[in-house]
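Numbering (this note's numbering), first residue to last: 238 to 443.
For glycine and all other residues, C-beta sits at the position ideal for the given N, C-alpha and C.
The block underneath contains the structure these notes are about, expressed in structure tokens.
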Amino acid sequence: LLLWHQERRTHQLELASQGVEKDRLLRFFFDLPFVGMTILSTDSLHWLRCNDRLCEILGYSREELVDLTWTQLTHRDDLAADLSQFERVSSGATNGFQADKRFVRKDGKLINATIDVRVVRQEDGHVDLYVATVQDITARLQAEGFAQEVLDNVNQGFVVCDQAGRVVVWNRFLERALGVAREAAIGKPLHELFPQARHGLEAYLR
């Protein structure tokens, strides 16, 4: 009986030690300085917990954020898509989602962000809470816009494709020269836009 009590006590200590380690790792990841992190309530999507980076992105202090909700800071044009995704998670259709969306900062400025939302469920499947990361991509989009503007003023065709050969950048010179709008070219295989050079392009890219 004494041995059983000792083994039980040792097991409890091991579980407690594991819990402390998990808490330490959670605090470590939660306080990462390069990505916003938050825990959201399931009823009204209140900000239950936020790290410093998220406060910096949204321009609010922790004390201010806990009195607000995710929906209050979401741009009105992105709200319906957000709520639809949360509903899919709540119904059990998925355990999370990723999306690009816009938040409205405290000073009124728009923030472009990439979000990754994951769910924590109870044993019966009900949603316990949401955990989300928020990556500010505003500066990146501005830089991409500036780069596109520069390329549009280059007096020669300029195209960038991914590893699968699909167009990701198409400048204004090519729009004029080939009569193919940027919106129509993006995502298309390069050989469809240059059919006369298909075999040469494929061989060269290989």
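Query                                                                                                                  : Result
Cβ pair residue 311, residue 334 closer than 8 Å                                                                       : no
For residue 319, three-class secondary structure by DSSP                                                               : helix
Spatial neighbours of residue 424 in its chain, beta-carbon cut-off 7 Å, leaving aside the 5 residues before and after : 403 and 404
Residue environment, residue 257, which counts as buried when at least 16 other CB atoms sit within 10 Å               : The predicted model places residue 257 with a pLDDT of 49, which falls under 50 and marks its position as unreliable; any figure quoted below should be read in that light. Under this definition residue 257 is an exposed residue.
Cutoff 8 Å; reference residue 373; Cβ partners in own chain excluding five residues on either side                     : 273, 294, 348, 349 and 350
For residue 322 and residue 338, the rounded distance between their alpha carbons                                      : 12 Å
For residue 308 and residue 407, the rounded distance between their alpha carbons                                      : 36 Å
Same chain only: Cβ atoms within 6 Å of residue 315, ignoring 5 sequence neighbours per side                           : 338 and 339
Three-state class that DSSP yields for residue 391 in the structure shown                                              : coil
Cβ-Cβ distance between residue 291 and residue 283 below 8 Å                                                           : no
Whole-angstrom C-beta distance between residue 354 and residue 365, which should lie under 8 Å                         : Rounded, the Cβ-Cβ distance is 14 Å, inconsistent with contact.
Cβ neighbour criterion (16 or more within 10 Å) applied to residue 422                                                 : buried
Alpha carbon of residue 336 to alpha carbon of residue 390, nearest angstrom                                           : 32 Å
Residue 277 (DSSP reduced to helix, strand or coil)                                                                    : strand
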